[in-house]
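Okay, so here's the structure we're looking at.
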Ligand code: NAD
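Residue numbers (our numbering): 3 to 486.
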């Protein structure tokens, strides 16, 4: 077991095991090899984590923001120092090429720790003067124990995007990574302790959906932040509603990317490649419906195919490789199933379409053209490397069609017409929009979806509002006037 951690869970500052929990085998997607064997949390483990988080919270919240921020910033530094080691682990956990994990995973986690660490000292309420000398002041308070539940595509990033703002505000966290990628969140927990976080401030427990569900319904939990699919989001949102808990929902998408005839084709092709094939297509905000204006369609497809032929597919540990396997055999089979549906429903296969034989879960980057809005591949989130290219004639038509989806996570437009770009973005029904680029998610910018793609925003100053609440204090400087 190459990557066996000391134990499955990290609670109250230490590794903890309970072998009564259901086994979780961690599989390296490039070879199918089992690299660690963990156990899902039993009710005792869940309870232990919540007791630890609850008992640590008041003391953590009582530190000054500067002190909390210092811990987060130290953790960011440690993550950056260990970037290579953490990236190698992330590559084994997810199968994503090292070329990507070196620049997109621990580094973006560190960015979140640094950014929210920097904000921690300036989290305040305000003073609101009223007539006659009275005033109100507001106190920004932590929510309490927050639960983070992660998806498998960006395990380190998700652990930090949720943990950093939660901790900056004085909350404590119990984080449950995806059962498919349980390893890197344990490293985040270890690093926070090393950076000086008190025990219990950030706990990690493993498990399948049932463990997530038991955390969501526990009365000790004040807030739930989920990154996952829409069906899971619906369940978690409903369960949280029962306890009137705060929620952040980062869910799935089927985002549009519109390429107008005046766009820089080379940039648009680059955007379509990044927005469909980075992380082998396993990115929630991917622009998987690429609307290309009819007059440039064939030129766009030709250039796309030429560029895809230069993708280096293979061993994700080879830093030259830029396209790795999917996270699991199951996920690969789901994506291959969609390819069959695309063919059966009459889409034109332009590139790829096949599994790459071997022990790993590799498939080719795949492009369909002549896709119509009603086809399954144009309506459902695939979460794999399958791009649908659709044609359009006019601006009005394409905007209506782009918005004709239950999802609203992201949307992008490529055009050199400045006013058209802003007109289109104003019309997009999506939380995260791009003009002449795609899929960048800097910590400074709000990230999240509208419609079925989510509730709330991660990153940016806005995340603070989702991990704290305001207490309003009315102060009277005058006598109290009662009617009788
Ligand atoms: P998933 O919904 O299957 O699982 C997500 C997490 O929820 C896992 O940790 C899982 O164990 C847990 N879970 C499952 N059932 C639960 C329940 N009833 N109660 C509580 N927790 C439960 O998603 P996935 O397959 O891991 O990830 C892929 C999905 O995540 C895609 O839809 C993708 O778009 C989405 N995603 C969204 C974002 C975003 O920021 N919007 C980012 C990454 C992934």
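Cβ coordinates follow ideal geometry from the N, Cα and C atoms, glycine included.
Residue state for residue 5 is assigned as coil, using DSSP reduced to three classes. A residue is called buried when at least 16 other Cβ atoms come within 10 angstroms of its Cβ; residue 183 meets this threshold and is buried.
Residue 233 carries a helical assignment under DSSP once its states are collapsed to helix, strand and coil. Per DSSP, the beta-bridge partners of residue 295 are 394. Between residue 74 and residue 170, the C-beta gap is smaller than 8 Å, which places the two residues in contact.
At a threshold of 7 Å, residue 12 does not count as near ligand 1, since its beta carbon sits no closer than that to any of the ligand's heavy atoms. Annotation note: the segment 317-348 contains the following uninterrupted alpha helix (DSSP H) runs of length 4 or greater, listed N- to C-terminal: 331-346.
Taking the Cβ atoms as the reference, residue 48 lies roughly 5 Å from residue 216, within the contact range of under 8 Å. Rounded to whole angstroms, the gap between the alpha carbons of residue 270 and residue 379 is 21 Å. One alpha carbon belongs to residue 340, the other to residue 89, and they sit about 30 Å apart. When the Cα atoms are used, residue 369 and residue 354 turn out to be separated by approximately 7 Å.
When DSSP states are grouped into helix, strand and coil, residue 452 belongs to the coil group. Looking at the DSSP output, residue 38 shares a beta bridge with 28.
Positions of the beta strand (DSSP E) runs, each at least 3 residues long and wholly inside the segment 398-439, are given as 412-416 and 434-437 in order along the chain.
Relative to ligand 1, the beta carbon of residue 156 is positioned inside 7 Å of a heavy atom.
Residue 211 and residue 44 have their C-alpha atoms spaced approximately 13 Å apart. Secondary structure at residue 171: coil, using DSSP grouped into helix, strand and coil. Assignment of beta-bridge partners to residue 131 by DSSP yields 137. For residue 90, the enclosing alpha helix (DSSP H) starts and ends at 85-96. Classified as exposed, residue 446 has fewer than 16 neighbouring CB atoms from the shown chains inside 10 Å of its CB. Using a cutoff of 7 Å, the CB of residue 177 does not count as near ligand 1, since none of the ligand's heavy atoms is closer than that. The straight-line gap separating the alpha-carbon atoms of residue 31 and residue 97 is approximately 5 Å.
Scanning its chain for C-beta atoms nearer than 6 Å, with the 5 sequence neighbours on each side dropped, one finds around residue 250 the residues 227, 458 and 468, in chain order.
Short of 6 Å from the beta carbon of residue 473, and not among the five residues preceding or following it, lie these beta carbons of its own chain, in chain order: 141 and 143. Assignment of residue 482 by DSSP, reduced to helix, strand and coil, places it in the coil class. Across the set 120, 101 and 84, the C-alpha of 120 shows the shortest separation from the C-alpha of residue 71. The residues 271 and 275, in chain order, have a CB closer than 7 Å to that of residue 309 in the same chain once the five nearest residues on each side in sequence are set aside.
Cβ-Cβ separation between residue 287 and residue 255: approximately 6 Å, consistent with a contact (criterion under 8 Å). Closest in C-alpha terms to residue 434, from the list 448, 424 and 421, comes 448. As DSSP reads the structure, residue 204 sits in a beta bridge with 175. By a beta-carbon distance limit of 8 Å, residue 290 does not contact residue 426. Their separation comes to about 18 Å.
Non-local beta-carbon contacts of residue 137 in its own chain, meaning distances under 7 Å to residues more than five positions away in sequence, involve 129, 130, 131 and 477 in chain order. Following the DSSP letters along the chain, one finds residue 258 inside the beta strand (DSSP E) bounded by residues 258-261.
Contact between residue 41 and residue 61 does not hold, since the beta-carbon distance rounds to 30 Å and is not under 8 Å. Residue 53 sits in a helix when the DSSP states are folded into three classes.
Residue 349 sits close to residue 373, with the two beta carbons spaced by under 8 Å.
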